[in-house]
Each structure stands twice: as C-alpha cells, then as structure tokens.
Amino acid sequence: MTASLAEDSIIRFARGVRLQHDRVRERWIIQAPERAFIPDPVAAEVLKLVDGTRTLGQIVAELASRFAAPVDVIGRDVHVMITDLINRQVLVA
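In the UniProt record's numbering, the protein residues as written are 1 to 93.
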C-alpha cells in the first residue's frame, strides 16, 4: 500500500494509535495495538504536530518556521516519514 499525500491532506493517528511521552525513560513512544515504536527526536517533533486538524502543509510550515530550515527540504523529509508511517498503519490521511 502506497500513500498519496497532498499538501492539504489532514494527518492523524490511526485508530488505537497514540503518541505518548514516557516520563521514566524521558522519550516519546508510539503505542499501537500489539506493537510500539520509539521515534527518534526529529520524528517525535513531527509527530507532536499530528493532531487530526493540521494538514501536511501546515505541519511542514510549522517545522520550517520552528527550525529556520527551507520548506522544500523539510517537506521532502516529512513526506517520506509520514508516507512510511501511513504504510505501517500508524498514521492516516
């Protein structure tokens, strides 16, 4: 399954999946039925913006502003990451 994402695609976590901060280990965890993922710090920053109301374009714009980076560079990286997580049924668009 390959996801086709547009800038106006609204990104959200799939049913039963959530991002949670583990205070004991001081890291973010993606919890899903029967599995869990530990995102790296960069991925966690992206995933913290996934709230079911923001579009892909809004997420990219926020990250570009926050980290003073070119939108096209961040856009490519975020698109690849979100597409991968959609294919793993962690996110939906």
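The beta-carbon is built from N, C-alpha and C at its ideal position, and this holds for glycine as well. Since the model is a prediction, treat every value here as computed from it, not as a measurement.
Beta-bridge partners of Leu85 (DSSP): none assigned. Rounded to whole angstroms, the separation of the alpha carbons of Glu34 and Leu49 is 24 angstroms. Between the C-alpha atoms of Ile82 and Ala43 there is a straight-line separation of about 9 angstroms.
No Cβ-Cβ contact shorter than 8 angstroms links Leu91 with Ala32.
Around the beta-carbon of Val80, fewer than 16 other beta-carbon atoms lie within 10 Å, marking it exposed.
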